[in-house]
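> Protein chains in written order, with the working numbering: chain G, 165 to 363; chain X, 122 to 223. Even for Gly, the Cβ is constructed at its ideal location relative to N, Cα and C. Here it is, the structure, as structure tokens.
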Amino acid sequence: MSATADVTRTILPENDSIHEIAPGKIAIWWFLASEIMVFGALMGVFVLFSFSHDFAADGAHVKWRLGAFNTLVLVTSSLTMIMALASARKHNLTQTRMFLLATVLLGFVFLGVKGFEYTTEIREGFTPATGMFWSFYFGMTGLHGLHVIGGIVVNLVLLVAALSRKPWDFLERRIEFAGLYWHFVDVVWIFLFPLLYLT
Amino acid sequence: MSHGTLESVPADNESRLYVIVWALLVVLLIVGLAIFILPIPREAAVALIFAVAAVKATLVLRNYMHLKHEHLLIYIIVAVPALFLVGFAITLIPDIVFRHGG
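Here's what the structure looks like:
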């Protein structure tokens, strides 16, 4: 047993429920905590700058209907992701694969719509250099889009693992952890959408 | 109650719960859009839209991320950066609002 584990077990008795938390789960929540700082700081600065800059005029040019559609897409992908976990827990390989594939496809739909939005906005003359609002808009949605790409890559790896019939214990844990990340990306969008499109 | 394990999530009817949560999220999306479209005073509309967003985020955190079954340690891990952000915003308000404002 490592020295760290010895110290932990000295502080916390063996029967404390903290020992039931999988180490990987603590790690993924720790990572998400750092992500809260990144996105929270950006959103906080955006809100504070909105007091001294007229963001409403620029905000009127974003495509809120496409943003709403993308919200529906991402919320639905959260459902398919959690259904993949539920299917893995039931050891239903066909459903696990189907829901993982659906989550990946919905991620691509989200990116496709976002790409269409970017193209339209840039053609209309709105670029990150246009002004403060557009710098925030492209910066925050771009960073979020990179996180969606990261989630798609992880889910594709899991889909390949499911197709190659990896053991259930392997799949369940990893789908759970990948799901935590994917749902967090959904939560970020739940706040980004009203911040950039509706206010 | 066990914490932080897949087994801690009730298996019975969990798929039905997930679909109900999704339906609620869609309804709340429509509510948010209705607030945006309807002629509601801007300040009130912004407050309502973010209240709806907070409810949506809570639904995802509690049900899809299983936060309602998690150990106190996980809550602490999430709460610390959230509190840092509140402090960060409070610290910046005087500078941005009063120095650059107006």
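How close, in whole Å, do the beta carbons of isoleucine 246 of chain G and glycine 343 of chain G come, if the pair is a contact with beta carbons under 8 Å?
Position 82 of the first sequence, counted from the first residue, corresponds to residue 246 of chain G. Position 179 of the first sequence, counted from the first residue, corresponds to residue 343 of chain G. 6 Å between Cβ atoms; contact.
> Can you check which of these residues, X:Ile161, X:Pro215, X:Ala155, X:Val181, is closest to valine 349 of chain G by C-alpha distance?
Within the first sequence, the letter at position 185 stands for residue 349 of chain G. Among X:Ile161, X:Pro215, X:Ala155, X:Val181, the Cα nearest to that of valine 349 of chain G is on X:Val181.
> So, does the CB of proline 202 of chain X fall closer than 9 Å to a CB anywhere in chain G?
Walking along the second sequence from the start, residue 202 of chain X turns up at place 81. With 9 Å as the cut-off, proline 202 of chain X counts as an interface residue toward chain G.
> Taking the CB atoms as reference points, tell me whether threonine 260 of chain G and alanine 326 of chain G lie closer together than 9 Å.
Within the first sequence, residue 260 of chain G is the residue found at index 96, counting from 1. Within the first sequence, residue 326 of chain G is the residue found at index 162, counting from 1. Closer than 9 Å, so yes.
> Mind checking if histidine 347 of chain G is an interface residue toward chain X, Cβ cutoff 9 Å exclusive?
Position 183 of the first sequence, counting from 1, holds the residue named residue 347 of chain G. Yes, histidine 347 of chain G counts as interfacial toward chain X.
> I believe phenylalanine 341 of chain G touches glycine 188 of chain G by the beta-carbon criterion, under 8 Å. Please report the beta-carbon distance rounded to the nearest angstrom.
Here residue 341 of chain G refers to the residue found at position 177 of the first sequence. Here residue 188 of chain G refers to the residue found at position 24 of the first sequence. Yes, phenylalanine 341 of chain G and glycine 188 of chain G are in contact; Cβ-Cβ is about 6 Å, under 8 Å.
> From alanine 157 of chain G to glutamate 184 of chain G, what distance separates their C-alpha atoms?
Residue 157 of chain G falls outside the range modelled here, since chain G spans only 165 to 363, and no answer is possible.
> Out of G:Glu281, G:Tyr282, G:Val273, G:Thr284, which has the shortest C-alpha to C-alpha gap to valine 312 of chain G?
One-based indexing of the first sequence puts residue 312 of chain G at position 148. Checked all of G:Glu281, G:Tyr282, G:Val273, G:Thr284; the closest Cα to valine 312 of chain G is G:Val273.
> Quick one: grab the DSSP three-state call for threonine 172 of chain G.
Taking the first sequence and counting its residues from 1, one reaches residue 172 of chain G at position 8. With a pLDDT of only 47 at threonine 172 of chain G, under 50, the local geometry of the prediction cannot be trusted, and the value read off the model is given with reservation. Here threonine 172 of chain G sits in helix by DSSP.
> With 9 Å as the threshold, decide whether the Cβ of lysine 189 of chain X is near any Cβ in chain G.
Position 68 of the second sequence, counting from 1, holds the residue named residue 189 of chain X. Closer than 9 Å: no.
> Taking 9 Å as the cut-off, decide whether the C-beta atoms of phenylalanine 219 of chain G and methionine 296 of chain G are in contact.
Position 55 of the first sequence, counted from the first residue, corresponds to residue 219 of chain G. Position 132 of the first sequence, counted from the first residue, corresponds to residue 296 of chain G. Cβ atoms of phenylalanine 219 of chain G and methionine 296 of chain G: closer than 9 Å.
> How many angstroms separate the CA atom of leucine 249 of chain G from the CA atom of arginine 337 of chain G?
Numbered from 1 along the first sequence, position 85 holds the residue referred to as residue 249 of chain G. Numbered from 1 along the first sequence, position 173 holds the residue referred to as residue 337 of chain G. Answer to the nearest angstrom: the Cα atoms are 9 Å apart.
> What does proline 358 of chain G reach in chain X if we use C-beta pairs closer than 7 Å?
Numbered from 1 along the first sequence, position 194 holds the residue referred to as residue 358 of chain G. Within 7 Å Cβ-Cβ: Gly153, Ile170, Phe171, Ala174.
> Should tryptophan 194 of chain G go down as buried or exposed, given a rule of 16 or more other Cβ atoms within 10 Å for buried?
One-based indexing of the first sequence puts residue 194 of chain G at position 30. Burial call: exposed.
> In chain G, which residues lie with their C-beta within 8 Å of the C-beta of alanine 210 of chain X?
Reading the second sequence from its first residue, position 89 is the one you call residue 210 of chain X. Ordered by position in chain G, the residues that pass the 8 Å Cβ test against alanine 210 of chain X are Gly208, Val211, Leu212.
> Compare the C-beta of threonine 172 of chain G with all C-beta atoms of chain X and state if any pair is closer than 9 Å.
As a first step, residue 172 of chain G is located in the first sequence; it is residue number 8 there, counting from the start. In this prediction, threonine 172 of chain G scores a pLDDT of 47, lower than 50, which makes its location untrustworthy; the coordinate-derived value is nonetheless stated afterwards. Chain X contact via Cβ: absent.
> Please report the distance separating the alpha-carbon of proline 215 of chain X from that of phenylalanine 302 of chain G.
Along the second sequence, one-based indexing puts residue 215 of chain X at 94. Along the first sequence, one-based indexing puts residue 302 of chain G at 138. Approximately 27 Å between the Cα atoms of the pair.
> Can you give me the C-alpha to C-alpha distance between isoleucine 200 of chain G and proline 160 of chain X, rounded to a whole angstrom?
For the purposes of this step, residue 200 of chain G is taken as the residue at position 36 of the first sequence. For the purposes of this step, residue 160 of chain X is taken as the residue at position 39 of the second sequence. Rounded to whole angstroms, isoleucine 200 of chain G to proline 160 of chain X spans 33 Å at the Cα level.
> Please name the residue in G:Gly208, G:Val226, G:Ile190, G:Asp222 whose C-alpha comes closest to that of lysine 278 of chain G.
What you label residue 278 of chain G is simply residue 114 of the first sequence in a count that begins at 1. Among G:Gly208, G:Val226, G:Ile190, G:Asp222, the Cα nearest to that of lysine 278 of chain G is on G:Val226.
> Just to make sure I have the definition right: I need the residues of chain X whose C-beta is within less than 9 Å of the C-beta of valine 237 of chain G. Which are they?
What you label residue 237 of chain G is simply residue 73 of the first sequence in a count that begins at 1. None at all; the shortest Cβ gap to chain X is about 11 Å.
> Counting only beta-carbon atoms, is leucine 213 of chain X nearer than 9 Å to chain G?
Position 92 of the second sequence, counting from 1, holds the residue named residue 213 of chain X. Yes, its Cβ sits closer than 9 Å to a Cβ of chain G.
> Quick test of your reading: leucine 206 of chain X and glycine 204 of chain G, contact by CB under 8 Å. State the CB separation rounded to the nearest angstrom.
For the purposes of this step, residue 206 of chain X is identified with residue 85 of the second sequence, where counting begins at 1. For the purposes of this step, residue 204 of chain G is identified with residue 40 of the first sequence, where counting begins at 1. Indeed, because the Cβ distance is near 4 Å, the residues count as touching under 8 Å.
> If you count every other CB in all the chains shown that lies within 10 Å of the CB of glutamate 191 of chain X, and 16 or more means buried, which is it?
In the second sequence, counting from the first residue as 1, residue 191 of chain X sits at position 70. Buried, by the Cβ-count rule.
> Of all the CB atoms in chain G, is at least one closer than 9 Å to the CB of serine 136 of chain X?
Start at 1 with the first residue of the second sequence, and residue 136 of chain X comes out as number 15. Taking Cβ atoms only, chain G reaches closer than 9 Å to serine 136 of chain X, which makes this a yes.
> If you follow the alpha helix (DSSP H) that glycine 309 of chain G is part of, which residue opens it and which one closes it?
The residue given as residue 309 of chain G occupies position 145 in the first sequence. Note, glycine 309 of chain G: alpha helix (DSSP H), 296-327.
> Taking all protein chains shown into account, decide if valine 352 of chain G is buried (16 or more other Cβ within 10 angstroms of its Cβ) or exposed.
What you label residue 352 of chain G is simply residue 188 of the first sequence in a count that begins at 1. Its Cβ being crowded by 16 or more others within 10 Å, valine 352 of chain G is buried.
> Rounded to a whole number of angstroms, what is the C-alpha to C-alpha distance between valine 201 of chain X and leucine 196 of chain G?
Indexing the second sequence from 1 puts residue 201 of chain X at position 80. Indexing the first sequence from 1 puts residue 196 of chain G at position 32. Spanning the two alpha carbons is a distance of roughly 12 Å.
> Nearest-angstrom Cα distance between valine 173 of chain X and alanine 186 of chain G?
Working through the second sequence from its first residue, we reach residue 173 of chain X at position 52. Working through the first sequence from its first residue, we reach residue 186 of chain G at position 22. Spanning the two alpha carbons is a distance of roughly 33 Å.
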